[in-house]
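Numbering (the working numbering), first residue to last: 2 to 125.
Structure below.
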């Protein structure tokens, strides 16, 4: 099965769902995570032995937790990038006193420590 995504979708957050039904059909769909809009849906007839379908289901369940952890890690990283960009914008916007710059630096370090703790919790 080959997916060709529209150029406007490239770079967007998407959810790709693949499932094999009891009859051995592979169903695939792509959904835009931000809008919830279904971009495409495709069904292919594949004839697999029941044992192979069960094996695929087990592997999918096993990897679901890894996928969830990866998504959470990326959410944390994206949040960290957004916060650091905001702090940079604040500092670039004006001529602040040393006291204000030091406070922004302290906030940035606190956020960094918070992000490190969240990542550490995911790793354990």
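From the three backbone atoms N, C-alpha and C, an ideal C-beta is built for every residue, glycine too.
What is the rounded straight-line gap between the Cα of residue i and the Cα of residue j?
{"i": "residue 58", "j": "residue 79", "result": "31 angstroms"}
{"i": "residue 31", "j": "residue 43", "result": "9 angstroms"}
{"i": "residue 145", "j": "residue 88", "result": "The question about residue 145 has no answer, for the chain in this structure spans 2 to 125."}
{"i": "residue 27", "j": "residue 77", "result": "33 angstroms"}
Answer yes or no: do residue i and residue j have a C-beta to C-beta separation smaller than 8 angstroms?
{"i": "residue 123", "j": "residue 70", "result": "yes"}
{"i": "residue 17", "j": "residue 35", "result": "no"}
Cα-Cα, which of the options is closest to residue i?
{"i": "residue 105", "options": "114, 91, 96, 116", "result": "91"}
{"i": "residue 117", "options": "65, 98, 100, 74", "result": "74"}
{"i": "residue 81", "options": "114, 38, 23", "result": "114"}
{"i": "residue 19", "options": "110, 109, 54", "result": "54"}
{"i": "residue 50", "options": "110, 23, 99", "result": "23"}
{"i": "residue 126", "options": "109, 38, 101", "result": "Beyond the ends of the chain as shown, which are 2 and 125, falls residue 126; an answer cannot be given."}
Use the C-beta contact count for residue i: other C-beta atoms within 10 angstroms, 16 or more gives buried, fewer gives exposed.
{"i": "residue 2", "result": "Per-residue confidence for residue 2 stands at a pLDDT of 44, beneath the threshold of 50, marking its modelled position as unreliable; the derived number appears in the next sentence. Flag for residue 2 reads exposed."}
May I ask you to check if the CB of residue i is nearer than 7 angstroms to at least one heavy atom of the ligand SAH?
{"i": "residue 29", "result": "The ligand SAH is not part of this structure, which contains no ligands at all."}
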